[in-house]
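For the sequence shown, our numbering assigns the number 1 to the initial residue and increments by one for each residue that follows.
Ideal Cβ positions, reconstructed from N, Cα and C, are used throughout, including at glycine.
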Amino acid sequence: RVPFPSGLKIVWFKEPSGILCTRSIHRSLPPGYRFHLVRRRLMACHIRTLLWAFAPVALLASPVDQQCARNAVCSSSILQQRAKRSTLKQVEGLKDDVTSPTTSAQTEPTASSLAEARADKVANVEEASMDDTADPPIEQAAWHASAFGTCKRSCGIEEGFRVRKVTCHSIRTGKKIDDIFCEGRPKPCATGPCNCMARVCTEVACDEDVGDDDVADCAFEAFETEETYKFVGCYAKVAGDEPHQPSPNALRDLECMDPSSHAGKACHSGLPFYRYHSDDLTTADCCSFCVRQGLDLCGIVDGAECRCGATVLNSAISGGTVRSGLGLPSVPNGGSPDGACPVRAWRYGGFYEAGAIPEYLLEENVLDIAYVDSVASGIHIGVEMEEDVPDTDVDPPEEAVLETATTEHKKKEPYEKAWDRPSADSLSGETWRERKTSSPWGDEDEGAWEEFVEIRYSFLPDITDARKEAFYVAIQKMADDTCIRLVEHPPYPAEPYIRVGNYDEGTCWADIGARETYGRINLGWCSDSRHTGNMVHEMGHSLGLNHEQKRPDGPSTYHGHGPHLKLFWNNIKGDWKPQYTGDDESYAGSKSDFPGDKVGDYAPYDFESIMHYSRGNRKFDTNPTSARYLVGQRKALSVGDTKKINDAYHCVAQGAATPPPPPPRSQKTAPPRPTQSQKQALKRKRAARRRAQTKRRAAARRRAAARRAAARRKAMGRRGNEEGE
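Quick look at the structure:
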């Protein structure tokens, strides 16, 4: 330690393991001290030499500065600025300070060590003045994984792999910073598996680096982190900003959508999304709600209202730049000596994937997706616009086909009742006909179904890796409970197939049903993992599914069934009214006509269908009203969705063609509802199962890496023998 007259202390710290435990350093400091990382150098043998600046809180003049230091939440903080100034001021007098009587008990430094230390300090001051690397504190950084690139295959091995960049970024600026700011947190995997039977794989040379490093220590899932939410700081409320009283319309407040409503100030004190009021609000309640909507900032205002926000790193929301008035100040400005905190803010503590919170942490609903997109973009987006275009052109132009009314849509043979139709003819669109007894995806899911339906698809060149990654997840969701297998091909494969492109940036849509040549899916607005559910919705159209609210028993009575919806036609614009009008060709069941058929009659109306619109601007109400909160989900196929797809495509589970007779009914009463402790035990059991699954994946990746390495060595050996001969 080299004491400075100003009170700063400079410490050199070596950690052979290369892992920095910030908490242990905090505990080792004297009372009232905080630390800030100033500079890091990489030495031989992976030993990190660290230079730390410690500032006692007593040096900070004002109470606000002291509160900032105690909370350790300063971004361009007082601590850092004072450390820079003091280091620069004292660097020339380093030798005199070290040899002064106050340090006589310490070991006399050598001339070479002094010269090295002085050079390090000078370099540090110069770098800190122009480099953002040292700017954000350790608490305000996160790992970010880009979208995976093209699938690759090396040395003729069947398993493929894909690689992505994993870097550490500042939460405040979104800029890439040194990895040491993110150390100690689960790091997302840079290498992932890839099924070359389901996707296009590029052959690479055996000696090419395939990115197998650190596969054992990476995390595929963000919930492996122990601390889900991290405290950001206390902020002041903007003048006139008061929490709402509970009301039905207060939750999705659109005030911040209009830039003129908050000119020159932070809208809703920098947390512009949602206004969730509760008298018993906890951090977990608020932050888990925000994360489920894809928002990585959460805050509690006056202890009673939860609001959400987005950082610049969450580019799926912010677009890489937070719109003026929609972000928190860069430095917390609301702390007071008496502990009052008007706006207490936290952030999501896991890693990011392709500029977004990982998809599996989201609970997508088309109403919430449209709301968040509206506030973030400053343009009102209706729930229909997320996935469709209005019914204005019966014969639309080539570049903007309406999936529910295209020139190739064939009128089906009329039946008195929709469920009297054959199952293969029960959907609005034509079904895909190519079937296989073995899975097109190889051994991955062999034996799951009696037969599989293979559908070819290809991407146009304008589809980004982020869109592809979300589309792959949507394909897996479609395959989880059905026999549908979409197989990627290079552009322009054998017909018929699906062509996935960016035809229109303003919306998402798809041609309905199979085509003689190719159908289309437009991923224009569906640009990231937040819209994975919308992509599943569009795949449903490609399979032939209509919107659920267009069922004949939706808006009206149909052969003793319905109406299940009460339409408010005055709230529906004319171009959109056909999307709420009943259609006899929509699926409502089918007759039993194949072994293993589990429908064979009327199919109940499905409020939870991924094909159902949300209520939006109170365009309809459900019958019963208790189902109004079920409509519009975009998380996954509902049970009803899987039944109608499996019915129309004759998907029969292996060995289920002749099901055994049902067991006799039991007279026992229903089991009691699980207690809270039982629910917690079940949650822990599921978490343990996920961790075990992650370990199995890591082991599989290590085995695949070993096989590739062995194949490379073998290939190199053959090459050496040939050269020797």
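7 Å CB neighbourhood of ALA142 in its chain, flanking five on each side removed: HIS169, ILE171, CYS182, LEU313, PHE351, TYR352
*To the nearest angstrom, how far is it from the Cα of LEU543 to the Cα of GLU430?*
8 Å
Point to revise | Integer Cβ distance of ALA479 from THR532, believed to fall under 8 Å | key: Actually they do not touch by this definition, with Cβ atoms about 14 Å apart.
Exercise for review: Could you spell out where the alpha helix (DSSP H) holding GLY533 opens and where it closes?
Suggested key: 532 to 543
**Prompt:** Thinking C-alpha only, which one of ALA510, TRP525, GLY524 is nearest TYR518?
**Reply:** ALA510
Please go through the same chain and pick out, in chain order, the residues whose beta-carbon is closer than 7 Å to the beta-carbon of ARG707, but skip the five residues on each side of it. ILE157
message: Here's the rule I'm using: 16 or more other beta-carbon atoms within 10 Å means buried, otherwise exposed. How should TYR274 be labelled?
response: buried
- Query: Per the contact definition of three or more C-beta pairs closer than 8 Å, is the stretch 632 to 641 in contact with the stretch 610 to 619?
  - Reply: yes
- Item | Proximity below 8 Å, CB of ASN333 to CB of ALA266 | no
Worksheet item: Counting pairs of beta carbons, one from the stretch 190 to 210 and one from the stretch 430 to 443, are three or more of them closer than 8 Å?
Response: yes
What's the C-alpha gap between GLU387 and ALA681? 39 Å
message: Is it buried or exposed, ARG437, if we count other Cβ atoms within 10 angstroms and call 16 or more buried?
response: Looking at the sequence itself, residue 437 is Thr, so the reference to Arg does not match. It is exposed - the Cβ of THR437 has fewer than 16 other Cβ atoms within 10 Å.
| query | Roughly how many angstroms separate the alpha carbons of VAL366 and ASN534, rounded to a whole number? | reply | 8 Å
Only counting the same chain, and skipping five residues up and downstream in sequence, which positions put a Cβ closer than 7 Å to that of ASP241? HIS268, SER269
8 Å Cβ shell around GLY501 - same chain, five flanking residues per side excluded
PHE459, LEU460, ASP462, ILE463, ARG520, ILE521, ASN522, LEU523
| Along the chain, where does the beta strand (DSSP E) that runs through LYS468 open and close? | Premise fails: LYS468 lies in the alpha helix (DSSP H), 465 to 479, not in any beta strand (DSSP E).
Quick one: any contact between the stretch 540 to 558 and the stretch 583 to 598, if contact means 3 or more CB pairs under 8 Å?
yes
Whole-angstrom distance between ILE177 and ARG628, CA atom to CA atom: 46 Å
For VAL232 versus VAL301, is the C-beta spacing smaller than 8 Å?
no
message: Using a Cβ-Cβ cutoff of less than 8 Å, which residues in the same chain neighbour LEU251 once the five nearest sequence positions on both sides are dropped?
response: TYR274, ARG275, TYR276
Assess, as a yes-or-no matter, whether the stretch 316 to 328 is touched by the stretch 561 to 580 under the definition of 3 or more beta carbon pairs within less than 8 Å.
no
inquiry  = On the CB-based measure, 16 or more other CB atoms within 10 Å of its CB, does ALA588 come out buried or exposed?
reply    = buried
Quiz item: Taking only runs of the alpha helix (DSSP H) that begin and end inside the stretch 543 to 620, which ones reach a length of at least 4 residues, in chain order?
Solution: none
What residues match up with LYS176 in a beta bridge as DSSP calls it? HIS169
**Message:** Determine whether the beta carbon atoms of GLY554 and HIS564 lie at a separation below 8 Å.
**Reply:** yes
Item checked: Where ASN502 sits in the DSSP three-state scheme -> coil
| field | ALA424 versus THR694 - alpha carbon distance | value | 39 Å
Under 8 Å, do GLU416 and ARG435 count as touching if we go by C-beta distance? no
> For GLN293, which beta-bridge partners are listed by DSSP?
Replying inline: Paired residue(s): none; GLN293 is not in a bridge.
Ignore the nearest five residues each way along the sequence and tell me which others in GLY174's own chain have a CB closer than 8 Å to its CB.
-> THR311, VAL312, LEU313, SER315, GLY320
task: Could you round the C-beta distance between ARG347 and ASP285 to whole angstroms and report it? I think they count as a contact, below 8 Å.
output: Incorrect: roughly 16 Å between the Cβ atoms, too far for contact.
Q: Could you say which of ASP420, ARG515, MET539 lies nearest to CYS526 if we only look at CA atoms?
A: MET539
Task: DSSP-derived helix/strand/coil call for TRP525 - done: coil
Subject >> DSSP three-state assignment for PHE273, whether helix, strand or coil >> reply: strand
task = Using the Cα positions of VAL322 and SER278, report the straight-line distance between them to the nearest angstrom.
result = 28 Å
Exercise. Alpha carbon to alpha carbon, how far is ALA711 from VAL640? Give it in angstroms, no decimals.
Key: A quick correction: the sequence has Gly, not Val, at residue 640. Approximately 47 Å, taken between the alpha carbons.
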